[in-house]
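Engineer:
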């Protein structure tokens with residue numbers, strides 16, 4: 004892990020960041036069969052692997068060890084403290100390289116300063132629970148006859164599996180956009196985040212995450 | 006002082022560190038991020054309050070800091086939004 008900042012104990016993060024403890028997955032992995040998988044996410048591999056950021060080694064989950072004193076809202080919803088110290092949380096890998104790495108001096112624990120609003124899911128009793136306005140979907144194959152080709156290119160029908168429980172839009176207009184129930188089929192206007200590889204395996208399902216505001220049509224089953 | 010300005014006094018950081026495996030990391034490495042004791046703070050704004058209090062030690066990026074001299078003492082003026090964490 005390159006250029007970590009050393010700390011002596013748990014610190015209080017600032018500016019909408021949370022302190023997340025991670026397992027250091029930067030080094031290579033050895034399969035049971037003895038095959039060594041090198042770390043394609045490492046900076047040195049950039050030139051050789053244009054898709055380095057898609058590596059399964061990129062850290063995208065951890066346990067929260069400290070929260071900021073308060074969260075300044077950046078969007079039009081109020082997250083109402085959906086997660087806290089001790090929660091196992093997940094974030095999309097797209098922003099990973101912006102995160103600051105902290106390493107505890109005495110016992111070699113590794114932490115990341117992760118943006119509060121990047122976190123899209125937490126694990127409760129072994130089940131995925133979306134947070135920060137995200138909804139959890141599974142992909143379904145459904146014929147689309149009413150949308151233009153430009154929409155179809157990036158979106159599609161998804162089945163709403165689970166909603167975040169504590170999200171209120173601060174803009175009252177947004178609250179009137181409709182309530183969606185778990186089990187409904189929803190058409191998303193943007194491509195959702197997909198839980199990658201081992202994260203999906205953990206939950207035995209291929210899940211997708213998108214925000215409520217990206218649902219443009221729903222169909223009750 | 007600006008809304009998010011911090012007047013900080015540099016804290017002398019400890020020198021070399023030894024990792025559990027015995028590797029010695031010299032004290033000169035990683036000096037971009039430095040510690041400072043907060044002497045005075047701005048008021049923050051309505052939408053974003055000032056998170057840091059006077060007397061606390063913060064870690065910040067020295068590249069973004071401005072060095073000033075007051076009464077023969079050197080201080081840094083830092084934007085609180087550029088600080089990473091409170092130690």
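Residue numbers (our numbering), protein chains in the order written: chain A, 4 to 224; chain B, 6 to 92. Backbone N, C-alpha and C define an ideal beta-carbon position, used for all residues, glycine too. Note that this is a predicted model, so its numbers are computed, not measured.
At a cut of 8 Å, does the stretch 110-119 of chain A reach the stretch 183-201 of chain A through at least three beta carbon pairs?
Structural biologist: Judged by Cβ distances under 8 Å, the stretch 110-119 of chain A makes no contact with the stretch 183-201 of chain A, as fewer than three pairs qualify.
Engineer: Enumerate in chain order the residues of its own chain whose CB-to-CB distance from residue 91(B) is below 6 Å, with the five nearest sequence positions on each side excluded.
Structural biologist: These residues qualify, in order along the chain: 61 and 63.
Engineer: Taking the C-alpha atoms as reference points, what is the distance between residue 8(B) and residue 71(B)?
Structural biologist: Using only the alpha carbons, I get a separation of about 16 Å.
Engineer: Which same chain residues end up closer than 6 Å to residue 76(A) when comparing Cβ atoms and leaving out the 5 residues on each side of it in sequence?
Structural biologist: Cβ neighbours of residue 76(A) beyond the five flanking positions: none.
Engineer: Kindly list the residues whose CB is nearer than 8 Å to the CB of residue 16(A), restricted to its own chain and excluding five residues on each side of it in sequence; keep chain order.
Structural biologist: Same-chain partners within the cutoff: 22, 69, 70, 71 and 116.
Engineer: Helix, strand or coil for residue 84(B), going by three-state DSSP, please let me know.
Structural biologist: Reduced to three states, the DSSP call for residue 84(B) is strand.
Engineer: Name the DSSP bridge partner or partners of residue 75(B)?
Structural biologist: For residue 75(B), which the question treats as bridged, DSSP gives the partners 78(B).
Engineer: For residue 215(A) versus residue 138(A), is the C-beta distance shorter than 9 Å?
Structural biologist: Result yes, Cβ atoms of residue 215(A) and residue 138(A) sit closer than 9 Å.
Engineer: Let me know if residue 122(A) comes out buried or exposed under the rule of 16 or more other beta-carbons within 10 Å of its beta-carbon.
Structural biologist: It is buried - the Cβ of residue 122(A) has at least 16 other Cβ atoms within 10 Å.
Engineer: Counting only Cβ-Cβ distances shorter than 8 Å, please list the residues of the stretch 49-60 of chain B near chain A, keeping chain order.
Structural biologist: Result list: 52, 53, 54, 56 and 57.
Engineer: Please report the straight-line C-alpha distance between residue 34(A) and residue 64(A), rounded to a whole angstrom.
Structural biologist: Cα to Cα, the separation comes out at about 21 Å.
Engineer: Could you compute how far the alpha carbon of residue 54(B) sits from the alpha carbon of residue 86(B)?
Structural biologist: Distance between the alpha carbons of residue 54(B) and residue 86(B): 11 Å.
Engineer: Answer with yes or no whether the minimum CB distance from residue 68(A) to chain B is below 9 Å.
Structural biologist: By this cut-off, residue 68(A) is not an interface position.
Engineer: If I'm right that residue 43(B) touches residue 13(B) with Cβ under 8 Å, what's the distance once you round it to whole angstroms?
Structural biologist: 5 Å between Cβ atoms; contact.
Engineer: Look up residue 2(A) in the DSSP assignment and say whether it is helix, strand or coil.
Structural biologist: A query on residue 2(A) cannot be resolved here, the shown segment of chain A reaching from 4 to 224 and no further.
Engineer: With DSSP run on the structure shown, which of helix, strand or coil describes residue 34(A)?
Structural biologist: Correct three-state label for residue 34(A): coil.
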